[in-house]
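Asker: Let me begin by handing over the structure; questions about it come next.
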């Protein structure tokens, strides 16, 4: 692979890829360090509290802010995978989203 010099013209696609990669790195760093900016991300009214089987609340503002960052990170990874399929590597520790669809079968056709 030929090395680019700083005087060669840079195409717009590589600039977009680089900007998106930097944004992905900052989001990943925020998630991994635990410093999620809750006040900036979640200013909507709080929904009804949800609790898990142990009685711990699962939809706090911090959890909703982290979920928003995770969603942004997955969207950025998808776009980067489209723009640069060979050179893109997802951040370490990132798991793909689980996609679940229900398929309803009629009882008359399939008893």
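Numbering (this note's numbering), first residue to last: 976 to 1086. Even glycine gets a Cβ: it sits at the ideal position worked out from N, Cα and C.
Here's the rule I'm using: 16 or more other beta-carbon atoms within 10 Å means buried, otherwise exposed. How should residue 1025 be labelled?
Answerer: Stepping through the chain shown from its first residue, residue 1025 is reached at position 50. Classification of residue 1025: exposed, given that the 10 Å Cβ count is below 16.
Asker: Within this structure, are the beta carbons of residue 1044 and residue 1005 separated by less than 8 Å?
Answerer: Residue mapping note: residue 1044 aligns to position 69 of the chain shown, counting from 1. Residue mapping note: residue 1005 aligns to position 30 of the chain shown, counting from 1. In this structure, residue 1005 lies closer than 8 Å to residue 1044 by Cβ.
Asker: Shortest alpha-carbon distance to residue 1072 belongs to which of 1078, 1049 and 1082?
Answerer: Stepping through the chain shown from its first residue, residue 1072 is reached at position 97. The shortest C-alpha separation from residue 1072 is found at 1049.
Asker: With distances taken between CB atoms, is the gap from residue 1008 to residue 1066 smaller than 8 Å?
Answerer: Walking along the chain shown from the start, residue 1008 turns up at place 33. Walking along the chain shown from the start, residue 1066 turns up at place 91. No; because the gap between Cβ atoms is not below 8 Å, this pair is not in contact.
Asker: Please name the residue or residues paired with residue 1029 in a DSSP beta bridge.
Answerer: The residue labelled residue 1029 in the question sits at position 54 within the chain shown. DSSP output for residue 1029 lists no bridge partner at all.
Asker: Which of the three DSSP states, helix, strand or coil, is assigned to residue 1053?
Answerer: For the purposes of this step, residue 1053 is identified with residue 78 of the chain shown, where counting begins at 1. Three-state result, residue 1053: helix.
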